[in-house]
Amino acid sequence: MISELDAVLRALAHPARREIISRCTDEWVAAGTLVEELDLAAATVSEHLKVLRKTSVVEMSIDGTWRRYRTLPAAVAHAVEQLDAIIPRTRQEHL
Numbered sequence: 019m020i021s022e023l024d025a026v027l028r029a030l031a032h033p034a035r036r037e038i039i040s041r042c043t044d045e046w047v048a049a050g051t052l053v054e055e056l057d058l059a060a061a062t063v064s065e066h067l068k069v070l071r072k073t074s075v076v077e078m079s080i081d082g083t084w085r086r087y088r089t090l091p092a093a094v095a096h097a098v099e100q101l102d103a104i105i106p107r108t109r110q111e112h113l
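The numbering used here numbers the first residue of the sequence shown as 19 and each following residue consecutively.
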């Protein structure tokens, strides 16, 4: 079974997904805009967005035929907190 932290880290591992997170941080961004700006196929962007939504890193808003996305910083912040909790413990084990 994959932990929540593992799933978020996997989602953040791909550079295109990190770029999507960055572009959607301050505002809602349409999927079509992401396709144009990232110069990726619509299916590719859709798959990346699916992974990010599944891990609650981004949320989607539906307005007619438009799909807009924005980053939910809480999921990323929670992953960072979990890593911070692991790192000191790991350092002490290697001393």
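Ideal Cβ positions, reconstructed from N, Cα and C, are used throughout, including at glycine. These numbers come from a predicted model, not from an experiment.
Asked, Found
"When DSSP labels each residue in this structure, what does Thr62 get in the three-state scheme?", "helix"
"Ala25 to Leu90, Cα distance in whole Å?", "15 Å"
"Please list the terminal residues of the continuous beta strand (DSSP E) segment that includes Thr89.", "84-89"
"Given a cut-off of 8 Å on the beta-carbon distance, is the pair Leu70 and Arg35 in contact?", "yes"
"Could you tell me whether the region 60-77 touches the region 44-52, where touching means 3 or more Cβ pairs closer than 8 Å?", "yes"
"Would you kindly work out how many angstroms separate the C-alpha atoms of Ile80 and Ile104, rounded to a whole number?", "38 Å"
"Which class does Glu54 belong to by DSSP, given the choice of helix, strand or coil?", "helix"
"Please report how far the alpha carbon of Leu23 lies from the alpha carbon of Trp84, in whole angstroms.", "30 Å"
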